[in-house]
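Participant: For the sequence shown, full-length UniProt numbering assigns the number 2 to the initial residue and increments by one for each residue that follows. A virtual CB, placed ideally from N, CA and C, is assigned to each residue, including glycine. Predicted, not measured: the structure shown is a model, and the values here were computed from it.
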Amino acid sequence: KKANICVDREFIVGDVDQRIYGSFIEHLGRAVYEGIYQPGNPLADERGLRQDVAKLIREIGVPIVRYPGGNFVSGYHWEDGVGPKAERPQKLDLAWSVVETNQFGLNEFMDWTKEVGTEAMMAVNLGTRGVEDAKNIIEYCNIKEGSYYSDLRVQHGYKDPHNIKLWCLGNEMDGPWQMGHKTAKEYGRLAAETGRIMRMVDSNIELVACGSSSLYMDTFAQWEETVLDEAYDQVDYISLHQYYGNHDNDTKNFLASSVAMDEFIRSVVSICDYVKVKKRSHKQINLSFDEWNVWYHSNEQDKQLEKWVKVPHQLEDIYNFEDALLVGSMLITLLKYCDRVKIACLAQLVNVIAPIMTSDSGAWKQTIFYPYMHTSVFGRGKVLHTLVKSPIYESKHGDAPYLDAVLIENEEEETLTLFAVNKSLDEPMEVKCELRQFKEYSVVEHQVLYHEDLKAENTQAHPNNVVPYGNGNGKLENGVLETVLSKTSWNVIRMK
Ligand code: AHR
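(1) Quick one: what's Trp168 bridged to in DSSP?
(2) Going by CA-CA distance only, name the one from Gly212, Ile21, Glu412 and Gly176 that's closest to Tyr270.
(3) Going along the chain, which residues of its own chain have a beta-carbon closer than 7 Å to the beta-carbon of Pro43, five neighbours each way excluded?
(4) Is the beta carbon of His242 within less than 7 Å of some heavy atom of the ligand AHR?
(5) Classify His463: buried if its beta carbon has 16 or more other beta carbons within 10 angstroms, exposed otherwise.
(6) Flag this pair as touching only if the stretch 140 to 152 and the stretch 90 to 100 have three or more C-beta atom pairs under 8 Å; answer yes or no.
(7) Check for me: the beta strand (DSSP E) holding Trp293 runs from which residue to which?
(8) Output the distance between the C-alpha atoms of Ile13 and Val384, rounded to the nearest integer angstrom.
(9) Please report the straight-line C-alpha distance between Arg10 and Gln305, rounded to a whole angstrom.
(10) Under the rule that 16 or more other beta-carbon atoms within 10 Å means buried, what is Val278, buried or exposed?
(11) Between the Cα of Asn254 and those of Trp365, Glu395 and Trp309, spot the shortest distance and give me the residue it belongs to.
(12) Can you tell which of Ala87, Gly62, Tyr150 and Gln156 has its C-alpha closest to the C-alpha of Thr114?
(13) Please confirm whether any heavy atom of the ligand AHR lies closer than 7 Å to the CB of Gly399.
(14) Contact check, Tyr34 vs Phe105 under 8 Å by CB: the rounded distance?
(15) Find the nearest neighbour of Gly181 within the set Val125, Ser215 and Ala355, judged by alpha-carbon distance.
(16) Looking at Val342 and Leu288, is the spacing between their C-beta atoms short of 8 Å?
(17) Which residue wins for smallest C-alpha separation from Lys497, given the options Glu410, Arg200 and His242?
(18) Report the residue from Leu417, Val432, Thr416 and Glu415 whose alpha carbon sits nearest the alpha carbon of Asn423.
(19) Please say whether Val449 and Ala457 have beta carbons closer to each other than 8 Å?
(20) Taking the continuous beta strand (DSSP E) assigned at Trp365, which residues delimit it?
(21) Roughly how many whole angstroms lie between the Cα atoms of Asp454 and Ser151?
(22) Check whether the stretch 224 to 238 and the stretch 178 to 195 are in contact - that is, three or more C-beta pairs closer than 8 Å.
(23) Do Val312 and Val54 count as a contact pair if the criterion is CB distance below 8 Å?
(24) Between which two residues does the alpha helix (DSSP H) containing Trp309 stretch?
(25) For the alpha helix (DSSP H) containing Ala222, name the first residue and the last one.
(26) Relative to the C-alpha of His28, which candidate in Tyr338, Gly84, Asp112 and Gln349 has its C-alpha closest?
(27) Please give the ranges of any alpha helix (DSSP H) in the stretch 39 to 124, keeping only runs that are unbroken, at least 4 residues long and fully inside the region.
(28) Just checking, does the stretch 376 to 392 make contact with the stretch 466 to 486 on the three C-beta pairs under 8 Å criterion?
(29) If you run the structure through DSSP and keep just helix, strand and coil, what is Lys2?
(30) Let me check understanding here. Comparing Cα to Cα, which of Glu292, Asp318 and Asp134 lies closest to Gln302?
(31) I need the boundaries of the alpha helix (DSSP H) containing Glu428, first residue and last residue.
(32) If the criterion is Cβ atoms closer than 8 Å, does the pair Leu167 and Ala192 meet it?
(33) Residue range of the alpha helix (DSSP H) that Arg281 falls in?
(34) Note down the Cα distance separating Trp79 from Met123, rounded to an integer number of angstroms.
(35) Using the three-state DSSP reduction, which class does Ile369 fall into: helix, strand or coil?
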């Protein structure tokens with residue numbers, strides 16, 4: 002197969018907002034306990050923070066982490082997780098039918114963000130709670146001192162305010178499974194009032210309203226329109242969530258899922274802009290794709306879980322090579338819309354549908370770690386409009402190109418990086434890209450993630466089964482990049 006890529010240095014989509022490489026830690030399964038926090042484990046520091054996990058997170062360079070949920074936040078009392086640990090209550094978490102010990106909470110999370118070099122994206126409970134509690138938590142986090150909740154934080158040993166800038170107004174409030182599920186009108190009003198009051202406490206914050214939990218919700222589109230009708234002036238972003246799975250072992254269709262993600266993004270942008278026009282507003286609402294990933298491997302196993310236990314192995318998807326290819330295509334899709342998608346969170350970060358897994362004796366990288374790490378490390382700069390002329394195939398999501406690609410210029414470092422996935426199951430892809438404006442550049446490295454077995458996995462015993470190699474054949478001479486991408490491969494071609 003053959004494909005052509007066209008770009009021009011002046012045709013820029015936009016600057017990549019680094020928060021597009023965000024992730025997510027929820028109180029769920031072994032994400033917090035046994036994931037990032039395991040007091041007494043030899044791999045943890047004196048605060049209980051797992052250092053082996055922290056090292057892998059730093060390797061990715063995760064700029065922002067959403068916390069504490071997810072579905073969990075819709076029943077959460079943040080006060081249960083602050084103050085002396087011996088006094089913290091054990092509570093039922095109805096979202097995941099487990100017992101939450103509250104030994105890790107807001108302040109421990111903020112310590113951990115500093116340890117791994119990230120920032121917090123904090124969610125408030127708009128399921129079983131509302132305006133009052135959102136007002137209190139932001140006072141606790143962002144006011145210096147001299148009021149009940151700010152003084153309480155100081156008393157808890159945190160003299161300086163946490164100054165959390167980015168806040169989610171609830172989670173998936175359109176979902177009937179959500180505690181305190183609401184109609185769009187009910188939620189829109191509540192989001193608007195909560196946002197208004199939170200900004201009275203701290204006018205510097207940014208707010209994310211809940212969009213639909215998936216493109217396939219019956220209420221999709223109407224939900225976004227109604228929520229924005231109610232809360233347009235109070236919020237900055239609307240969220241999108243989407244997970245894909247290969248339930249039918251149909252890899253061609255599975256790899257085409259990024260086409261649906263692309264459509265989801267374009268649709269939400271249209272709705273935001275429609276409401277903008279309707280309101281005669283000058284303000285633009287941007288997108289926070291704050292849950293995305295592959296999620297399906299653990300579905301059956303999770304149905305067998307016993308209720309009301311602590312720290313079960315929950316949502317522990319073991320990812321294979323084809324999952325990494327789709328994650329790569331999804332990252333390319335997010336980058337293509339970097340003018341509107343300002344925040345995105347790979348859901349999640351450790352043990353729970355995650356790029357990083359742990360046991361008591363170590364941490365290892367799942368297959369999806371690699372495209373995530375590559376884009377986060379090398380995908381900073383300006384996205385150029387990347388016109389991909391590729392053969393296509395019919396899929397259940399519509400026409401899918403065999404080649405997904407995006408090119409990023411980093412002016413400061415004077416580099417160009419091409420991320421590309423060849424989705425063909427049986428043929429290599431000859432790729433040509435005219436880069437006349439980069440005549441003096443040449444290929445520095447061409448990393449390839451490939452495995453002959455689409456179902457190959459990394460495990461603690463075999464952590465290097467699926468790893469990238471710098472063995473690609475990309476060549477840039479006289480301003481023409483040429484390469485042959487192997488079938489089913491994720492590629493990073495770095496030029497300087
Ligand atoms: O990420 C797992 C769950 O998926 C989250 O808790 C919820 O928001 C979504 O349905």
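Facilitator: So, to answer that:
(1) Here residue 168 refers to the residue found at position 167 when the sequence shown is read from its first residue. According to DSSP, which records beta bridges pairwise, Trp168 is partnered with Met123 and Leu208.
(2) Locating residue 270 in the sequence shown gives position 269, counting from the first residue. The amino acid at residue 270 is misidentified as Tyr; the sequence shows Val. Nearest option by C-alpha distance: Gly212.
(3) Sequence index remark: in the sequence shown, residue 43 carries index 42 (1-based). The answer is none, since no qualifying residue turns up.
(4) Within the sequence shown, numbered from 1, the residue matching residue 242 stands at position 241. Correct: His242 has its Cβ closer than 7 Å to the ligand AHR.
(5) For this step, residue 463 is matched to residue 462 along the sequence shown. Its Cβ having fewer than 16 others within 10 Å, His463 is exposed.
(6) no
(7) Taking the first residue of the sequence shown as position 1, residue 293 is located at position 292. Taken as a continuous stretch (DSSP letters only), the beta strand (DSSP E) holding Trp293 covers Asn287 to Val295.
(8) Translated into positions along the sequence shown, residue 13 becomes position 12. Translated into positions along the sequence shown, residue 384 becomes position 383. Between Ile13 and Val384, the C-alpha separation is close to 6 Å.
(9) Counting from one through the sequence shown, the residue named residue 10 turns up at place 9. Counting from one through the sequence shown, the residue named residue 305 turns up at place 304. Distance between the alpha carbons of Arg10 and Gln305 is about 54 Å.
(10) Here residue 278 refers to the residue found at position 277 when the sequence shown is read from its first residue. Looking at its Cβ environment, which holds fewer than 16 other Cβ atoms inside 10 Å, Val278 is exposed.
(11) Here residue 254 corresponds to residue number 253 of the sequence shown, with the count starting at 1. Here the closest residue by C-alpha is Glu395.
(12) The residue you call residue 114 lines up with position 113 of the sequence shown. Measuring from the Cα of Thr114, the nearest candidate turns out to be Gly62.
(13) Taking the first residue of the sequence shown as 1, we reach residue 399 at position 398. No, the Cβ of Gly399 stays beyond 7 Å of every heavy atom of the ligand AHR.
(14) Residue 34 sits at position 33 when you count from the first residue of the sequence shown. Residue 105 sits at position 104 when you count from the first residue of the sequence shown. 7 Å between Cβ atoms; contact.
(15) Position 180 of the sequence shown, counted from the first residue, corresponds to residue 181. Of the candidates Val125, Ser215 and Ala355, the one whose C-alpha sits nearest the C-alpha of Gly181 is Val125.
(16) As a first step, residue 288 is located in the sequence shown; it is residue number 287 there, counting from the start. As a first step, residue 342 is located in the sequence shown; it is residue number 341 there, counting from the start. Yes, Cβ-Cβ distance for Leu288 and Val342 is below 8 Å.
(17) For the purposes of this step, residue 497 is taken as the residue at position 496 of the sequence shown. Minimum Cα distance to Lys497 is reached at Glu410.
(18) Locating residue 423 in the sequence shown gives position 422, where the first residue counts as 1. Nearest C-alpha to Asn423: Val432.
(19) Indexing the sequence shown from 1 puts residue 457 at position 456. Indexing the sequence shown from 1 puts residue 449 at position 448. Going by C-beta atoms, Ala457 is not nearer than 8 Å to Val449.
(20) Along the sequence shown, one-based indexing puts residue 365 at 364. Residues Gly363 to Lys366.
(21) Numbered from its first residue, the sequence shown carries residue 454 at position 453. Numbered from its first residue, the sequence shown carries residue 151 at position 150. Roughly 55 Å separates the two Cα atoms.
(22) yes
(23) Position 53 of the sequence shown, counted from the first residue, corresponds to residue 54. Position 311 of the sequence shown, counted from the first residue, corresponds to residue 312. No, the Cβ-Cβ distance between Val54 and Val312 is not below 8 Å.
(24) The sequence position of residue 309 within the sequence shown is 308, counting from 1. Here Trp309 belongs to no alpha helix (DSSP H), and DSSP marks it neither H nor E.
(25) As a first step, residue 222 must be located in the sequence shown, where it is residue number 221. Note, Ala222: premise wrong, no alpha helix (DSSP H); not H, not E.
(26) Reading the sequence shown from its first residue, position 27 is the one you call residue 28. The shortest C-alpha separation from His28 is found at Gln349.
(27) 52 to 61 and 107 to 117
(28) no
(29) One-based indexing of the sequence shown puts residue 2 at position 1. Reduced to three states, the DSSP call for Lys2 is coil.
(30) The residue you call residue 302 lines up with position 301 of the sequence shown. Out of Glu292, Asp318 and Asp134, Asp318 has the C-alpha closest to the C-alpha of Gln302.
(31) Indexing the sequence shown from 1 puts residue 428 at position 427. Unbroken run through Glu428: none, as it is neither H nor E.
(32) As a first step, residue 167 must be located in the sequence shown, where it is residue number 166. As a first step, residue 192 must be located in the sequence shown, where it is residue number 191. No, the Cβ-Cβ distance between Leu167 and Ala192 is not below 8 Å.
(33) For the purposes of this step, residue 281 is identified with residue 280 of the sequence shown, where counting begins at 1. Unbroken run through Arg281: none, as it is neither H nor E.
(34) Here residue 79 refers to the residue found at position 78 when the sequence shown is read from its first residue. Here residue 123 refers to the residue found at position 122 when the sequence shown is read from its first residue. Roughly 11 Å between the two C-alpha positions.
(35) In the sequence shown, residue 369 corresponds to position 368, counting from 1. The answer is coil: DSSP assigns Ile369 none of H, G, I, E or B.
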